[in-house]
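Q:
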């Protein structure tokens, strides 16, 4: 049973949705033996071993904790497939900033995944900040996720999702 | 004033539907109280000692008569016939039933009111000078910028899970009626070179258990860059504010820990990386919002109203009301009228549904349909013709709303305290009532002059006691309520934190102690000194002597 929800379509468009996805990645702890295939590592382990891993034709993702700065990955981003941003508690909002910086400042086009205490109540905020994959902790389905993410017909500020902002709607 | 368009209205409808769905899940037992708590808090719904409390946002304290009537109706229909105005210019209903909340939100949405971001670790309701658009001292109308911030901060995707709550205040006047320096971000409109408009941006102010006066981050920010700059401050805070200790999570702690120079450096560095073109509000939208606050069509009137002059010559009560509650307006022939919610013996900030209806009628008929809430828990009719003052005064008097005590000793700020609040250690309301009774004689109150007494029922300081001329903090000492007095604070343009006077006093000793402080002041003041000025000249000692010699 896959436990990864992925966005489909354009978050700013009518075809927006979400679906269950096969997660090809394995989260690997710092002391775990490296499995075959695609892996998500901590930032520390990536910094120590990433160079070798990237060169042996597997896909690599990095897990960034809220107290770590995504800027540390700036030069590696073009070679990364996933950046997993951790929510140790749903109230910890630092990963929203990290996601926006990845998308809007560092130009990351790979997957930005929410991991940890990920609840459907956060869906709207997460999608707006540029997350496109989610490991829900509350049993949310893709249908619930899609609905929660687009509960509001209007938004008041620009963000990473390029939705049309209220002032742009008004200008038409 | 700003009127909601279809977009703003659909947004409120979506919000209301979302919460109706969540309440249904809670009432059906699908959500536990633990799961429901953060959801209800996002809609201003608190569980207090006796009932749910619903806190309604009043953006920059500005209401029209229709909104005030609707609040009266809600108070009558769903509460016990009254509401309580807060130091954030909001209104709270203290006796709400959970099952009614979705209907209340719908009823509010019909008149463009909501409870969004009146709690939670997000950007709270933006407050502003209640005299905006009416006072002559204004550089620019703070409501324009408050509305810009209201929209921008509404369900902000990046800043809805901050380390702690976040409060912003704006003023365009030199006299600070919005306690701007006690805010996480304070914005003072300033005139720059070439007559351009900008802001002095201050940050890191706050009350609670570690009070700080905000410090200047930027002495002049061109106004059009407001949103990008506020975004930079919030991003630095969101990333680096402490999350390990709720009492050290406000931005004031970060600013103090880094020092204002380093904090400023980080903000400026972040601001330099933000695309102003994407982050700042487009000029066309700013113009649209500004147009909503265009000066109303005031009549051309003489400076002096003969009808008014004759009425006040004949009525000492009106004369007194004018001395204390009526302030100069920027347009000849008009005045700003403060409506005191501090009648002697009343709960500070409470208004009955009937009183709200009276204020709504007066606002509609005599004040260009404009009504304001002050952070001192009073109301304002900002645009009253001098000709109409006698009628307005008479109507207020009939409704018990003409107490002539603005900024006097009985105009006390008090939080709801232990009578309502689950966080409180001590009662605040009865203390306020006791003190006010000491100044029930209006001649005495006027003789004492400006004296800002503020009471908090716990260290969270909702009653602003740190920035009071006389602050009173309720504490729990082995199950008994005690009150700690502090002197010399100010939340105005001369902002300062008060100093603790001495050991705490039991509830029955508080009002006599205030009396003793006032008598000491009357004895040692010189000239036109306010209580605060005298304190600043002579320090704590004579006051300490007066209170504790009497207590012994």
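Chains as they are written, first to last, in this note's numbering: chain A, 527 to 698; chain B, 59 to 610. Think of the CB as a built atom: it goes at the ideal place given N, C-alpha and C, for glycine as much as any other residue. Just so you know, these numbers come straight off a predicted model, no measurement behind them.
(1) May I have the straight-line CA-CA distance separating residue 82 of chain B from residue 664 of chain A, to the nearest angstrom?
(2) Which class does residue 430 of chain B belong to by DSSP, given the choice of helix, strand or coil?
(3) Considering only C-alpha positions, which residue in the set B:539, B:169 and B:418 is nearest to residue 475 of chain B?
(4) Let me check understanding here. Comparing Cα to Cα, which of B:470, B:420, B:434 and B:493 lies closest to residue 456 of chain B?
(5) Decide if the region 251-263 of chain B is in contact with the region 338-354 of chain B; the criterion is three or more beta carbon pairs, one per stretch, under 8 Å apart.
(6) Pop quiz: residue 336 of chain B and residue 684 of chain A are said to be a contact at Cβ under 8 Å. What is the actual Cβ separation, rounded to whole angstroms?
(7) Residues of chain A with CB closer than 7 Å to the CB of residue 594 of chain B, please, in chain order.
(8) Is there a Cβ of chain B sitting closer than 8 Å to that of residue 605 of chain A, yes or no?
(9) Go through the region 600-686 of chain A residue by residue and report every complete run of the alpha helix (DSSP H) that reaches 4 residues or more, in order.
(10) Look up residue 278 of chain B in the DSSP assignment and say whether it is helix, strand or coil.
(11) With a threshold of 8 Å between beta-carbons, can residue 216 of chain B be considered close to chain A, or not?
(12) Is the separation between the beta-carbon of residue 560 of chain B and that of residue 505 of chain B shorter than 8 Å?
(13) Please list, in chain order, the residues of the region 178-210 of chain B that have any C-beta partner in chain A closer than 8 Å.
(14) Which of the three DSSP states is assigned to residue 542 of chain B in this structure?
(15) Does DSSP put residue 534 of chain B in a helix, in a strand, or in coil?
(16) Can you give me, in chain order, the residues of the region 291-306 of chain B that have a beta carbon less than 8 Å from any beta carbon in chain A?
(17) Using a Cβ-Cβ distance under 8 Å, would residue 212 of chain B count as near chain E?
(18) Going by CA-CA distance only, name the one from B:66, B:466, B:486 and B:482 that's closest to residue 378 of chain B.
(19) Assign residue 558 of chain B to buried or exposed, taking buried as 16 or more other Cβ atoms, counted over all protein chains shown, within 10 Å of its Cβ.
(20) Looking at chain A, is there any beta carbon in it that lies within less than 8 Å of the beta carbon of residue 168 of chain B?
(21) Less than 8 Å separating the beta-carbons of residue 267 of chain B and residue 528 of chain B?
(22) In three-state DSSP terms, what is residue 559 of chain B?
(23) When Cβ atoms are compared, which residues of the region 81-112 of chain B fall closer than 8 Å to chain A?
(24) Which residue or residues does DSSP assign as beta-bridge partners of residue 586 of chain A?
(25) Please classify residue 222 of chain B: does DSSP put it in a helix, a strand, or coil?
(26) Taking residue 65 of chain B as the query, report the chain A residues whose CB atoms sit under 7 Å from its CB, ordered along the chain.
(27) Kindly list, in the order they appear in chain A, the residues whose Cβ is closer than 7 Å to that of residue 340 of chain B.
(28) May I have the straight-line CA-CA distance separating residue 249 of chain B from residue 72 of chain B, to the nearest angstrom?
(29) Counting only beta-carbon atoms, is residue 345 of chain B nearer than 8 Å to chain A?
(30) For the alpha helix (DSSP H) containing residue 330 of chain B, name the first residue and the last one.
(31) Specify the secondary structure class of residue 560 of chain A as computed by DSSP and reduced to three states.
(32) Helix, strand or coil for residue 140 of chain B per DSSP?
(33) List, in chain order, every chain A residue whose beta-carbon is nearer than 9 Å to that of residue 143 of chain B.
(34) Taking the beta carbon of residue 329 of chain B as the centre, do at least 16 other beta carbons fall within 10 Å, making it buried, or is it exposed?
(35) Taking just the CA atoms, how far does residue 489 of chain B sit from residue 386 of chain B?
(36) Touch check for the region 471-485 of chain B and the region 441-451 of chain B: three-plus C-beta pairs under 8 Å?
A: Per the coordinate set shown:
(1) 18 Å
(2) strand
(3) B:539
(4) B:420
(5) no
(6) 5 Å
(7) Per Cβ cutoff of 7 Å: no residues; residue 594 of chain B is ~41 Å from chain A at best.
(8) no
(9) 620-626, 649-655 and 668-675
(10) strand
(11) yes
(12) no
(13) 179, 209 and 210
(14) strand
(15) strand
(16) 293, 296, 297 and 301
(17) The structure shown contains no chain E; its protein chains are A and B.
(18) B:466
(19) exposed
(20) no
(21) no
(22) coil
(23) 96 and 97
(24) A:565
(25) coil
(26) 680, 692, 695 and 696
(27) 693
(28) 40 Å
(29) no
(30) 318-331
(31) coil
(32) strand
(33) Per Cβ cutoff of 9 Å: no residues; residue 143 of chain B is ~26 Å from chain A at best.
(34) buried
(35) 33 Å
(36) no
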